[in-house]
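This report concerns only the one structure given below.
In our numbering, the protein residues as written are 16 to 442.
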């Protein structure tokens, strides 16, 4: 577990020292990074973080994809010989072609340490029993969350390919106190519990750690999850396969995420210009992984949109960079509908705040001169569907000054999600 930093200056001193160590390892050995660093005139003796930012180019997902295509199957962003790597994971592909990512035992342990920060902030201890409600696939987050909890000394319970009802029974039978899943699936489990008459009021779950999509920091989504799981508190977190665990939720302020800054050098920039933005403005998160030496990323454009909080310290005592509202969305998710910028997280907040929606889908029609938005909803049992649809249409008009048709569809007509929800359909 990382020691607390006494001020911002201490964080930056640590980051610069870690960056110099990283650059010293990359320059003679990593083909992808050494070429870019040499072209930019960056050396292991870089004088400051500001100089690193000024000289170093941003890294984009498209560059990584091109490198993987040119050097299959793992690309050339590898600092060591192939026999040093013991882990292979793959991105989800939601932001383009999936990437395979390798890790050495040392880089893997670095990520487990970062997940330990997530657990620390959520006050998870070795006395907890942690239930992992997902099928373990090729995506990194499942495995790091599980193994970090094992190292913490928790009883760790995987659920494999079980049905939602079977998972709920397993949670109760094992007296699990912590649930790890996506926000969407936490809601789905709560709905299945109601359908199956499984009493979540008797559940010992007290902490629900969510990731994979922005819902954990959306107030209405948090409230929905916590209403379905009486006595439990939602803790948000986010990460990426190609970066690892990035943030933990502030222990003092719900919906605020802190960057794990002993492990990452973070910047927030204007997506169009690449220039730094001020606190309170929305920009794109740029990350340099300081300890993932085997497969590092330098000034990586994550595509995540964030709003940096005002100057530290935070009310929790941390001097680490904080984001108000967590991850607000993706730079490439923003849609322009009749001249209005719309993010999926804003639509989700309106729908969840209305209540009574079991599931929804958003359709974006582009077959006209101007794109059009429409919404399909399944109303929850006992809800007046037509009245709910009218209420949502009114709320959309108030929020966006747009006419957004809302249609009721039969129960069970819309897909349910265990992984990242894919509710937006572009036609």
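Glycine included, C-beta positions come from ideal geometry on N, C-alpha and C.
Nearest by alpha-carbon distance to residue i: which of the options is it?
i: residue 417; options: 424, 409, 272; result: 409
i: residue 224; options: 291, 144, 189; result: 144
i: residue 403; options: 369, 420, 322, 58; result: 369
i: residue 218; options: 243, 147, 98; result: 243
i: residue 75; options: 302, 426, 336, 372; result: 302
i: residue 90; options: 82, 44, 97; result: 82
i: residue 78; options: 315, 389, 334, 319; result: 315
i: residue 436; options: 231, 80, 340; result: 231
i: residue 373; options: 423, 221, 22; result: 423
i: residue 51; options: 92, 195, 391, 331; result: 92
Helix, strand or coil for residue i? Go by DSSP, reduced to three states.
i: residue 97; result: helix
i: residue 230; result: helix
i: residue 211; result: helix
i: residue 311; result: coil
i: residue 244; result: coil
i: residue 387; result: strand
i: residue 200; result: helix
i: residue 51; result: helix
i: residue 26; result: helix
i: residue 285; result: coil
i: residue 445; result: Past the edges of the chain, shown from 16 to 442, lies residue 445, and the structure says nothing about it.
i: residue 356; result: strand
i: residue 366; result: helix
i: residue 350; result: strand
Check the DSSP bridge columns for residue i and list the partner residues they point to.
i: residue 441; result: 379
i: residue 238; result: DSSP, once it has assigned bridges, lists no residue as partnering residue 238.
i: residue 169; result: DSSP lists no partner for residue 169.
i: residue 145; result: 171, 193
i: residue 4; result: Absent from the model: residue 4. The displayed extent of the chain is 16 to 442, so no value can be given.
i: residue 263; result: 252, 273
i: residue 316; result: 301
i: residue 338; result: 272, 323
i: residue 280; result: 303
i: residue 291; result: 284
So residue i and residue j are in contact, right, with Cβ under 8 Å, and what is the actual spacing, rounded?
i: residue 88; j: residue 101; result: About 16 Å; that fails the 8 Å criterion.
i: residue 29; j: residue 277; result: 6 Å
i: residue 308; j: residue 122; result: 6 Å
i: residue 159; j: residue 259; result: 7 Å
i: residue 265; j: residue 329; result: 6 Å
i: residue 305; j: residue 34; result: 6 Å
i: residue 340; j: residue 295; result: No, residue 340 and residue 295 are not in contact; Cβ-Cβ is about 11 Å, not under 8 Å.
So is residue i buried or exposed if we call it buried at 16+ other beta carbons inside 10 Å?
i: residue 326; result: exposed
i: residue 441; result: exposed
i: residue 438; result: buried
i: residue 363; result: buried
i: residue 359; result: buried
i: residue 425; result: exposed
i: residue 397; result: exposed
i: residue 202; result: buried
i: residue 313; result: buried
i: residue 428; result: exposed
i: residue 319; result: buried
Would residue i count as contacting chain D if we go by Cβ distances under 8 Å?
i: residue 56; result: Within the model displayed, chain D is absent; a lone protein chain is all it includes.
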